[in-house]
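For the sequence shown, counting from 1, position 570 maps to 684 in our numbering; every step adds exactly one.
Step one of this worksheet: look at the structure below.
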Amino acid sequence: MNKKVLHTLEYDKIIETLTEFAYSNSAKEQCRGLLPMTDLDAVNLAQKQTKDALTRVFQKGSLSFSGVHPVTAFIKRLEIGGCLNTLELLQISSLLEVSRRAKSYSRTDRQDAQMDSLDEFFNTIEPLTPLNDEIKRCILSEDEISDDASSALKSIRRAIGNMNERIRSQINKIMNQAHNSGYLQDSVITMRGGRYCIPVKAEAKNQIPGMVHDQSSSGSTLFIEPSAIVNLNNEQKELFLKEAKEIESILADLSSRVFEQAAFIHDNYKALTTLDFIFAKAELAKLYNGVAPVFHTDGRIHIRKGRHPLLNPKTVVPIDVSLGDTFDLLIVTGPNTGGKTVSLKTVGLFTLMGQAGLHIPANDRSVLSIFHDVFADIGDEQSIEQNLSTFSSHMTNIVNILKNAGRQSLVLFDELCAGTDPTEGAALAISILSSLHKQGIRTMATTHYSELKVFALSTDGVENACCEFNVETLSPTYRLLIGIPGKSNAFAISSKIGLDDSLIEDAKKQITESEAGFEELISDLENSRLVIERERAEIDQYKKEITLLKQKLEQKQERIDQNRDKIIAEAKEQALSILKEAKDFADESIRRFNKFGQINATQAKWKKSVPGCAIKCPTRKNT
């Protein structure tokens, strides 16, 4: 991939924005060194990593990598027997803290959670919590070791505190006596060379026995260590040396523990910096509302509602661009400031971003292809240093493109062969585009030459396009329309600006009949397109209304069906209830009938078995 095109298409500005989202220096360097790739598998993997990171950001929020410091130099020093200082150990702790945060971020409570391309990095991370806790327990800050780092250190510092009290008490006693005698310059205790001193007037030097450690610039004040506290200062000095030795021992012990886990720490650093880089790409995609394009190797491009990332997202007009399917050469025409160059840059920049593993600000199912190189001739190439005109500079660039472009290249021309005689310029442009077209090189060019519009209409595999222009308001809409050649609208624009109508009418007479006829044909095509779009809009509106009515009808029918089913169900329930009541009544009647029949039979049996029985058995009257 040639480096010049990265600047021409403003890819470097995208990289600057990307770098701002990275936290660690290593990740920032990866961002700055990010270049488009030409291997399809590598591009797809990079896109998948960006997509997976973006998914995690939407699900769980952003992951901060603040606190990731380089550890390679630390580990090398440990390997040769060195020892880490407090700052370096705190940086190790900071790295482990980020490791813990990242590990927690990667966990999920869902049992059915799918694996993604980032799991291999998260799984590599080992928080090493015991080591991190030990470092934080022992080291409070870069300049402070905790008293609880060791029992020996705690004991030494307690002794130092007691010694300070003894020294201060002794000095205060001396100062009170000396002050009463007027020997002191000031009633303060100072430190000189790590030893306690008092400021004594020069003339009273012999009145305070002790060692002179310093004097004021004027020589009027001497800083004397009283003899009475020399031994105490010496003892305190020894305690300070013991403290320093114990701190060295603590740092050595911590360094040894770090060295034991050096491999894990190094792997953590590599995994975190890589994740930092990937999540930076995800944050960029979030900023631009980007999506992962579908990549092919056959030269097809189909951008759906693409938005140039460097334009204001609130005002940018999305464009649809196709290339490489039914045609491999697209010629864009239309007035200045209509959006031709932006369309050209959008296609080129999206190609570079996509092949670098960055999402593009477009709609889903946008298609890009892998190109081994992208060439662009855009902007003012005039060179004062080389004594080249704009045309000469452009031609120099074009010659270089023609020499190096191949079938796997994407070529972009802005105002091809402009800046010279229109007839010769148009002829050169047709010749250049024909050469690229014959080689099957995907090419997109902008021009004002009408000859190129005719060339596109009469050549297979070549298509016209234009940037839409609102004739009523005489202003561009910035929409790209493929299949329609554009008009310059020079007369209409000049009239709006205020050019005299007589001059415009005279200019129209200068145009040949064939040129006027061609422009009239383009106008007819434009009018037909507008009519078709209006009719299509009306049809779409009718479709929406029909769909809405259909939905309402279906909902109404659904309610009717539900009510019918409800009524039928209620009727069935009532019928079942009635049948049950009837059955219960019938069963009860049968039971009573059988019971009464048994009573009558028993009475008759007794009458027959007991002759002359005087007792009358009761009989049931018929009712």
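Cβ coordinates follow ideal geometry from the N, Cα and C atoms, glycine included.
Keep in mind that this is a model prediction, so the values were computed, not measured.
Assigned secondary structure, residue i (DSSP; H/G/I helix, E/B strand, else coil)
{"i": "K694", "result": "helix"}
{"i": "H508", "result": "helix"}
{"i": "S410", "result": "Reading off the sequence, residue 410 comes out as His, not Ser. Of the three classes helix, strand and coil, the one that applies to H410 here is strand, per DSSP."}
{"i": "F527", "result": "strand"}
{"i": "P536", "result": "helix"}
{"i": "T122", "result": "helix"}
{"i": "F337", "result": "strand"}
{"i": "K217", "result": "helix"}
{"i": "Y656", "result": "helix"}
{"i": "D155", "result": "helix"}
{"i": "V490", "result": "One detail in the question is off: residue 490 reads as Ala in this sequence, not Val. It is a strand residue."}
{"i": "C311", "result": "strand"}
{"i": "H422", "result": "coil"}
{"i": "T304", "result": "strand"}
{"i": "D166", "result": "helix"}
{"i": "D614", "result": "coil"}
{"i": "I361", "result": "helix"}
{"i": "L148", "result": "coil"}
{"i": "N208", "result": "According to the sequence provided, residue 208 is Ser. The question's Asn does not apply to it. The answer is helix: DSSP assigns S208 an H, G or I state."}
Residue i versus residue j: straight-line alpha-carbon distance, rounded
{"i": "P536", "j": "K117", "result": "32 Å"}
{"i": "L204", "j": "F179", "result": "16 Å"}
{"i": "R280", "j": "A376", "result": "46 Å"}
{"i": "S608", "j": "I618", "result": "8 Å"}
{"i": "V326", "j": "V302", "result": "16 Å"}
{"i": "S628", "j": "D153", "result": "Annotation note: pLDDT 46 at S628 (below 50); position unreliable, coordinate value reported separately. Approximately 49 Å between the Cα atoms of the pair."}
{"i": "A316", "j": "Y297", "result": "9 Å"}
{"i": "F409", "j": "I484", "result": "7 Å"}
{"i": "I194", "j": "S370", "result": "12 Å"}
{"i": "K250", "j": "R191", "result": "21 Å"}
{"i": "L458", "j": "F527", "result": "8 Å"}
{"i": "A685", "j": "A696", "result": "16 Å"}
{"i": "G631", "j": "L566", "result": "Its pLDDT being 48, under 50, G631 is placed unreliably by the model, and nothing is read from it."}
{"i": "D614", "j": "A621", "result": "11 Å"}
{"i": "T335", "j": "I312", "result": "10 Å"}
{"i": "V576", "j": "G462", "result": "19 Å"}
{"i": "E687", "j": "Q671", "result": "24 Å"}
{"i": "A406", "j": "N677", "result": "48 Å"}
{"i": "G597", "j": "S436", "result": "10 Å"}
{"i": "L663", "j": "K680", "result": "25 Å"}
{"i": "L254", "j": "F464", "result": "49 Å"}
{"i": "V314", "j": "F354", "result": "27 Å"}
{"i": "P241", "j": "L443", "result": "55 Å"}
{"i": "K174", "j": "F393", "result": "13 Å"}
{"i": "S330", "j": "I285", "result": "20 Å"}
{"i": "G438", "j": "R421", "result": "20 Å"}
Selected residue, minimal CA-CA separation from residue i, among the options
{"i": "E211", "options": "P475, R191, P244", "result": "P244"}
{"i": "A540", "options": "A570, D654, E143, Q522", "result": "A570"}
{"i": "E134", "options": "L398, D262, F354, L386", "result": "L398"}
{"i": "D381", "options": "V568, E234, L663", "result": "E234"}
{"i": "L201", "options": "V456, I259, K174, A156", "result": "I259"}
{"i": "N139", "options": "R705, V185, R271, G554", "result": "V185"}
{"i": "G533", "options": "V513, S545, H562", "result": "H562"}
{"i": "L148", "options": "L132, I660, I364", "result": "L132"}
{"i": "D434", "options": "T661, P475, G195", "result": "P475"}
{"i": "N199", "options": "D257, L353, T169, R593", "result": "D257"}
{"i": "T460", "options": "C197, L524, S507, F505", "result": "L524"}
{"i": "Y402", "options": "A683, L123, K680, I128", "result": "I128"}
{"i": "L209", "options": "F378, D439, P423", "result": "F378"}
{"i": "I270", "options": "E349, G404, L662", "result": "E349"}
{"i": "T169", "options": "K709, I274, G404, N578", "result": "G404"}
{"i": "M305", "options": "F337, K664, C531, S331", "result": "F337"}
{"i": "S572", "options": "F441, V488, F172", "result": "F441"}
{"i": "L267", "options": "V488, I364, T447, D300", "result": "I364"}
{"i": "E538", "options": "K395, A273, F505", "result": "F505"}
{"i": "M151", "options": "M115, L595, E130, R650", "result": "M115"}
Item to complete: Entirely within the region 220–289 and at least 3 residues each: give me those beta strand (DSSP E) ranges in chain order.
Response: 253–255
Worksheet entry | alpha helix (DSSP H) runs wholly inside the region 368–407, at least 4 long, in chain order | 376–402
Worksheet item: With contact counted as at least three CB pairs below 8 Å, one residue from each stretch, are the region 332–347 and the region 165–184 in contact?
Response: Contact between the region 332–347 and the region 165–184 is not established, with fewer than three Cβ pairs separated by less than 8 Å.
Discussion item. Counting beta carbon pairs with one atom in the region 471–483 and one in the region 415–432, are three or more of them shorter than 8 Å?
Written reply: yes
Worksheet entry | Secondary structure, beta strand (DSSP E): runs of 3+ residues fully inside the region 431–477 | You should have 433–437, 443–447.
Worksheet item: Does the pairing of the region 140–152 with the region 372–392 give three or more beta-carbon distances under 8 Å?
Response: yes
Worksheet item: Are the region 512–532 and the region 548–558 touching, with three or more C-beta to C-beta distances below 8 Å?
Response: yes
Practice prompt. Just list the beta strand (DSSP E) runs in the region 555–583, keeping only unbroken ones of 3 residues or longer that don't cross its boundaries, in chain order.
Written response: Counting only runs of 3 or more, we get 556–560.
Worksheet item: Should the region 355–371 be called in touch with the region 259–266, which here means at least 3 C-beta pairs below 8 Å?
Response: yes
Worksheet item: Does the pairing of the region 160–168 with the region 464–476 give three or more beta-carbon distances under 8 Å?
Response: yes
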